[in-house]
Structure formats: C-alpha cells, structure tokens
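Going by our numbering, the letters in the sequence shown line up with residues 1 to 508, in that order. Using N, Cα and C, we set each Cβ at its ideal position, and we do this for glycine too.
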Amino acid sequence: MDIEQFRKAGYQAIDRICEYYYSLHNRPVISKVEPGYLKEHIPLTAPEEGEDFQVIADDFQKFIVPGLTHWQHPSFFGYFPTACTFEGMIADLYATSACNPGFNWSSSPASTELEALVMDWACQLLGLSPEFLNSSGVGGGAIQNTASDSALIAAVAARSLYQRNYPEVSLQDLVIYTTTQTHSLGVKAGLVLGLSVHVLEVKAEDQFSLRGETLQAALHEDEKLGKRPFILIATVGTTSSGAIDNLPEIQQIAKNYPSLWVHVDAAWAGVALSCPENRERCHLNTINEFADSFCTNFHKWGLVNFDASTLWVRDRKHLTDALDVTPPFLRTKHGDAGTVIDYRNWHLALGRRFRSLKLWFVLRSFGAEGFRNYIRKASPLSISLNQVFADFVTKSETLSLVTPPSLALTVFRLDPKPKSLDQPPLSLESLNNLNRLFYGRISARNDILLTQTVLNGVHCIRFAVGAARTEAPHIQQACDLLCKEADLTLEAWEQTTLDEGKPSVSSI
1 MDIEQFRKAG YQAIDRICEY YYSLHNRPVI SKVEPGYLKE HIPLTAPEEG
51 EDFQVIADDF QKFIVPGLTH WQHPSFFGYF PTACTFEGMI ADLYATSACN
101 PGFNWSSSPA STELEALVMD WACQLLGLSP EFLNSSGVGG GAIQNTASDS
151 ALIAAVAARS LYQRNYPEVS LQDLVIYTTT QTHSLGVKAG LVLGLSVHVL
201 EVKAEDQFSL RGETLQAALH EDEKLGKRPF ILIATVGTTS SGAIDNLPEI
251 QQIAKNYPSL WVHVDAAWAG VALSCPENRE RCHLNTINEF ADSFCTNFHK
301 WGLVNFDAST LWVRDRKHLT DALDVTPPFL RTKHGDAGTV IDYRNWHLAL
351 GRRFRSLKLW FVLRSFGAEG FRNYIRKASP LSISLNQVFA DFVTKSETLS
401 LVTPPSLALT VFRLDPKPKS LDQPPLSLES LNNLNRLFYG RISARNDILL
451 TQTVLNGVHC IRFAVGAART EAPHIQQACD LLCKEADLTL EAWEQTTLDE
501 GKPSVSSI
C-alpha cells in the first residue's frame with residue numbers, strides 16, 4: 001500500500017466508523033455468533049499471496065463486526081463503562097503512525113515528556129497530592145496497560161522494598177492482602193509472584209467495605225503465624241458491588257505497620273474524584289495522606305480509549321529500584337545523568353505505546369469542566385442516570401437494592417414482596433434460584449447487557465451506567481424491559497413451583 005492508497009483506505013475506514021456509530025443504537029448489544037464461527041469464514045492458514053486491501057476491509061465488515069459486543073451501545077450496562085471517544089480514536093491513529101517503543105527518553109523525547117506532563121494534568125484533575133506529581137521529582141505517574149498491571153507493579157515495588165528492609169525474611173512468609181470484593185487482580189498478582197494472598201472478609205452491613213478492625217485482626221493473626229503482610233490492595237469502587245474501603249480506619253491501623261504498602265485500586269471509580277463533590281465519599285484526603293500508590297483507568301469511565309491505566313507512586317525510587325535493568329545498549333547520557341525519566345523502569349515491559357497522546361487529546365478537547373460534566377451525568381450525587389435507575393428499583397414491588405448505589409453502579413435483585421404481613425419472605429436459596437432464572441432471561445436478550453455477581457452468598461445483578469451515548473430514554477427502556485422480564489420470571493417460577501408441589505410466590 002502506498003501513501004495514496006493509504007489515504008483512500010483511511011477515508012473509507014473513517015466513513016465506515018462513522019456509519020457504525022450512527023447506526024449503533026439500532027444494533028443488538030450482544031453478538032449472537034456461536035463459538036468457532038469465524039473458522040467458517042477465515043482460512044486456518046495465512047494466504048501465500050497478498051490480497052486486495054478492499055477485500056480485507058470488506059471482510060472486516062462481514063465477519064468481524066457481527067462478532068462484536070458493542071460496549072459503546074447506549075443499552076450496554078454490563079461490567080463497567082469503556083471509553084471510546086472520537087478524540088481518542090484520532091490520537092490513537094497519530095500514535096500508531098509514530099510507532100515508537102518509548103522505552104527511554106532518547107528513543108522518543110516527545111513520548112516521554114508528554115506522558116510526564118499529562119500524568120501531572122490528570123493528577124491535578126483528580127485532586128491527588130502534589131507528592132504524586134512527576135514535577136515533584138520524588139513521586140510521579142506513568143500510564144500502564146490495565147489496573148491489573150498497575151497492582152502487579154505496585155506489588156513488585158512493595159516486595160522489593162520489603163526485602164531490602166528485611167533481607168532475612170523468606171519470600172514464603174510474604175503475604176498480599178485483598179478482600180472478598182477486591183478485583184481478581186489481587187489474587188492474580190499473588191499467582192504471578194508466587195506469593196500468598198490473604199483474602200479478608202467484608203460484610204453486607206458495612207456495604208462490603210473493608211473496616212479497620214478486620215484489617216487489625218488479620219494482621220494479628222498473621223503475626224502469630226510468622227507471616228509478613230507487605231501490601232494491602234484497598235479499593236475505591238469495587239467491580240462487584242461498588243464498595244469503597246474505609247480508608248480512614250485503614251490509615252489508623254497502617255500507622256502501626258509502616259512496612260505495609262497500601263495500594264489504592266480505583267480502576268473505574270477513581271475518575272469520579274475529578275468532581276469535588278465526590279472526594280469526601282471516596283476518601284481523597286486519606287489517599288493523599290498515606291497511600292503509597294494509586295491507580296485509576298481513564299479507559300473505563302474516563303473518556304480515553306483503551307488502554308490507559310494511570311498509576312501514581314508517592315516515591316518513584318521504590319519503583320525504579322525494583323524494576324531498573326539497564327544493559328549497556330540502553331544507557332544514555334541523559335539517563336546516566338538522571339535528568340530524564342526512562343519509563344521502561346516504571347513498568348514490567350521494555351517497550352510501551354504512545355498512550356499519553358490519547359489522554360492529551362481528550363483532556364484538551366473536553367477541558368476539565370467538560371470532563372467533570374460527563375462524570376456527573378452518571379453520578380448519583382446530582383441529576384443522574386444511575387440515580388434514575390436506583391429510584392426505579394427502590395419504588396418497585398418486585399425488585400430491591402442489594403447495597404446502596406455507588407457512583408455509576410447499582411446492584412439489585414428480583415425480590416418479590418410478600419402478599420400480606422403474615423406471609424414469610426422467600427428463603428435465600430429460593431431467592432438465588434429465582435434470580436438465576438431472572439438473569440438467564442435478561443442475558444438471553446440481545447437488546448440489553450447487564451452482568452451478574454454474588455455478594456456474600458446473595459445472587460444479584462449489576463447495572464453499570466457510563467456509555468457516552470446513554471441518555472434518560474435508554475434508562476427508561478431498561479426499566480420497562482426489566483419490569484417485563486421480572487413479571488415473566490415470576491410467572492415461570494410460579495408455574496414451576498406449582499408443578500413441583502412447592503409453595504409459590506403468590507402463596508408465600
């Protein structure tokens with residue numbers, strides 16, 4: 001492909017992307033292809049001779065698009081929001097055209113320097129302490145692939161620091177702390193590093209938040225066993241329930257354990273800190289006072305196309321001491337002099353993409369206030385889409401909240417009210433079975449997507465708002481659809497229990 005052929009193909013690609021987004025609301029949310037479908041259309045070996053590019057582009061439309069789940073669809077309420085702005089797309093195109101690995105300053109000065117600057121922009125936007133700024137010369141931030149990578153990197157840095165301070169301690173005795181609500185990234189870090197993971201229990205009455213007394217009890221327990229907890233992965237906005245760990249209480253306990261690194265994972269909820277009204281709820285002051293590292297994903301709720309996980313550390317030396325490997329061919333005069341950042345020492349890989357360009361384009365295009373307004377659209381602290389849905393659940397005769405709504409996430413379940421005061425409610429087992437049936441009906445549809453979870457034995461359903469194209473009518477459509485499916489689920493449950501001779505909903 002020469003330059004002019006590229007120009008023509010690029011025009012067509014942009015046109016097709018535009019048509020995709022124009023028609024997105026009319027498409028099914030969920031792909032209905034069956035596993036292995038693509039093998040029926042694509043050969044199992046690469047072609048010997050090159051093919052015409054138009055054929056390749058057309059095959060993308062015919063075979064790939066039908067296999068997509070449309071995360072930007074206005075009726076996508078599953079997992080978490082994923083940003084996909086046109087500003088980010090253009091930035092990604094420019095970044096791809098530059099195509100440099102960015103492993104040190106000399107390999108591409110613009111890549112390194114822009115990342116250092118926009119990470120400071122993002123730090124200030126979120127209200128993080130100046131100690132986390134790259135310009136501080138002590139702390140700083142870098143863009144990682146995902147929050148899982150960020151947690152793993154924090155664990156590597158924490159382990160290295162602990163080993164330097166306590167060289168006599170065996171790796172077998174080191175312990176990572178997570179909770180039952182922590183993302184799988186905590187357990188995965190343990191698997192990758194070959195370290196033990198202690199999963200702390202959290203309670204529904206605490207809104208699934210880690211409390212100080214739970215942490216203290218675990219520390220005492222592990223001390224008696226000769227174990228050495230060296231990192232706690234605390235969470236602001238867990239994936240499963242939206243829980244926010246009680247960081248002020250954790251801080252009080254951590255004061256007595258200065259060797260315990262505290263990493264705050266705020267993967268999807270952290271960008272809400274851009275709005276001052278969310279900061280107290282998310283314990284920003286406490287994060288600024290004592291967290292050793294903080295992560296949030298701008299590629300989730302933060303308008304920046306995947307991938308853009310932002311990780312800040314209070315002391316960059318802890319990171320670079322753990323990850324700095326500099327063979328002769330990577331040494332430069334600027335690096336040796338310490339006058340530049342070499343970002344390869346801030347993450348696990350050597351090369352890295354020019355991701356800062358996306359964050360730069362988006363923050364400049366939206367501006368800080370535009371970014372905050374976007375977050376507020378889905379935040380329950382103002383006139384919000386998520387609060388509209390939560391209010392609908394609260395008023396429903398058949399649905400109920402499992403835990404209070406958290407920012408852009410509501411967790412609920414089908415929970416029919418007894419017909420009279422002397423009728424007992426359904427048992428937990430029956431309610432769980434009822435909700436499995438309910439979710440089965442919802443997930444069988446292709447015009448909406450929600451995801452399920454289990455909170456301390458309670459089977460429930462997650463409703464996550466955040467797609468840029470979701471508006472109030474889409475929330476109302478979802479409410480109407482869930483009402484319909486709830487009624488049909490109860491009818492099916494009623495018939496099944498009657499056929500089996502068990503007490504039905506209407507008789508309980």
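On the three-state DSSP scale, how would you describe residue i?
{"i": "ILE3", "result": "helix"}
{"i": "ARG316", "result": "helix"}
{"i": "PRO404", "result": "strand"}
{"i": "ALA368", "result": "helix"}
{"i": "VAL65", "result": "helix"}
{"i": "LEU488", "result": "helix"}
{"i": "LEU215", "result": "helix"}
{"i": "ARG462", "result": "strand"}
{"i": "ALA9", "result": "helix"}
{"i": "LEU381", "result": "Residue confidence for LEU381 is low, a pLDDT of 37 falling below 50, so the modelled location carries little weight; the figure read from the coordinates is stated next. Coil, per DSSP."}
{"i": "ASN297", "result": "strand"}
{"i": "GLU494", "result": "helix"}
{"i": "ARG279", "result": "coil"}
{"i": "SER108", "result": "coil"}
{"i": "ASP324", "result": "coil"}
{"i": "PHE290", "result": "helix"}
{"i": "ASP480", "result": "helix"}
{"i": "LEU399", "result": "strand"}
{"i": "LEU409", "result": "strand"}
{"i": "SER506", "result": "Unreliable placement is indicated for SER506, whose pLDDT of 49 sits below 50; the coordinate value is still reported in the next sentence. Coil, per DSSP."}
{"i": "LEU426", "result": "coil"}
{"i": "ILE30", "result": "coil"}
{"i": "PRO473", "result": "helix"}
{"i": "THR514", "result": "Lying outside 1 to 508, the shown extent of the chain, residue 514 is not represented and no answer is given."}
{"i": "PHE103", "result": "coil"}
{"i": "ASP265", "result": "strand"}
Looking at residue i: is its Cβ nearer than 8 Å to the Cβ of residue j?
{"i": "ASN305", "j": "LYS224", "result": "no"}
{"i": "GLY302", "j": "ALA269", "result": "no"}
{"i": "THR296", "j": "THR310", "result": "yes"}
{"i": "TYR162", "j": "LEU174", "result": "yes"}
{"i": "ILE475", "j": "VAL393", "result": "no"}
{"i": "TYR11", "j": "ALA142", "result": "no"}
{"i": "GLU426", "j": "LEU437", "result": "Note that residue 426 is Leu in the sequence shown here, rather than Glu. Their beta carbons are not under 8 Å apart, which means LEU426 does not touch LEU437 by this criterion."}
{"i": "ALA408", "j": "LEU401", "result": "no"}
{"i": "LEU24", "j": "ARG469", "result": "yes"}
{"i": "THR562", "j": "LEU414", "result": "Shown here, the chain extends from 1 to 508; a query on residue 562 therefore has no answer."}
{"i": "VAL262", "j": "ASP222", "result": "no"}
{"i": "SER396", "j": "SER111", "result": "no"}
{"i": "ALA264", "j": "ALA234", "result": "According to the sequence as given, residue 264 is Val; it is not Ala. Yes, these two residues count as a Cβ contact at 8 Å."}
{"i": "SER196", "j": "ASP245", "result": "no"}
{"i": "HIS299", "j": "ASP149", "result": "no"}
{"i": "ILE341", "j": "ALA116", "result": "yes"}
{"i": "ASN432", "j": "PRO405", "result": "no"}
{"i": "ALA157", "j": "HIS318", "result": "yes"}
{"i": "GLU131", "j": "ARG314", "result": "yes"}
Excluding the 5 residues flanking residue i on each side, which residues of the same chain have their C-beta closer than 6 Å to its C-beta?
{"i": "GLY509", "result": "An answer regarding residue 509 cannot be provided, because it is not within the stretch 1 to 508 covered by the chain."}
{"i": "LEU125", "result": "SER274, ALA368"}
{"i": "ARG441", "result": "GLU485, THR489"}
{"i": "THR286", "result": "LEU247, PRO248, GLN251"}
{"i": "ILE30", "result": "THR69, ASN446, LEU449"}
{"i": "HIS283", "result": "LEU247"}
{"i": "ARG353", "result": "none"}
{"i": "ARG228", "result": "VAL169, ASP173, LEU174"}
{"i": "VAL118", "result": "SER356, LEU359, TRP360"}
{"i": "HIS183", "result": "THR239"}
Leaving out five residues on either side along the sequence, give the residues of the same chain with a beta carbon under 8 Å from the beta carbon of residue i.
{"i": "PRO276", "result": "GLY127"}
{"i": "GLY370", "result": "none"}
{"i": "MET1", "result": "ALA9, PHE53"}
{"i": "GLY351", "result": "PRO101, GLY102, PHE103, ARG344"}
{"i": "ALA218", "result": "TYR177, HIS198, LEU200, PRO229"}
Who are the near neighbours of residue i in its chain, counting only those whose CB is closer than 7 Å to its CB and skipping five residues on each side?
{"i": "TRP121", "result": "LEU363"}
{"i": "PHE412", "result": "VAL393, LEU399, SER400, LEU401, VAL402, CYS460, ILE461, PHE463"}
{"i": "PHE361", "result": "GLU87, GLY88, ILE90, ALA91"}
{"i": "ALA467", "result": "GLN72, HIS73, PRO74, PHE76, PRO81"}
Exercise for the section: Run through the region 118-206 for me and flag every whole beta strand (DSSP E) of 3 or more residues, listed as ranges in chain order. Expected result: Taken in chain order, the unbroken stretches of beta strand (DSSP E) that lie wholly in the region 118-206 and span 3 residues or more are 140-144, 174-179, 196-200.
Exercise for the section: May I ask you to verify whether the region 462-476 touches the region 87-100, counting CB pairs closer than 8 Å and requiring at least 3? Expected result: In short, these stretches do not touch, since the Cβ pair count stays below three.
Practice task
Pick out the complete beta strand (DSSP E) segments inside the region 35-60, 3 residues or longer, and give them in chain order.
Solution key: Annotation: the region 35-60 contains no complete segment of the beta strand (DSSP E) (minimum length 3 residues).
Exercise for the section: Answer yes if the region 329-349 comes into contact with the region 57-74, meaning at least three C-beta pairs across the two stretches below 8 Å, and no otherwise. Expected result: Verdict: no, contact absent.
Exercise for the section: Identify every run of the beta strand (DSSP E) within the region 66-92, keeping only runs that are complete inside it and at least 3 residues long; order them along the chain. Expected result: Complete beta strand (DSSP E) runs here, min 3: none at all.
Exercise for the section: Evaluate the contact criterion for the region 449-457 versus the region 48-66: three or more CB pairs, one atom per stretch, below 8 Å. Expected result: Short answer: they don't touch.
Practice task
May I ask you to verify whether the region 318-333 touches the region 144-160, counting CB pairs closer than 8 Å and requiring at least 3?
Solution key: Because the criterion of three Cβ pairs below 8 Å is met, the region 318-333 and the region 144-160 touch.
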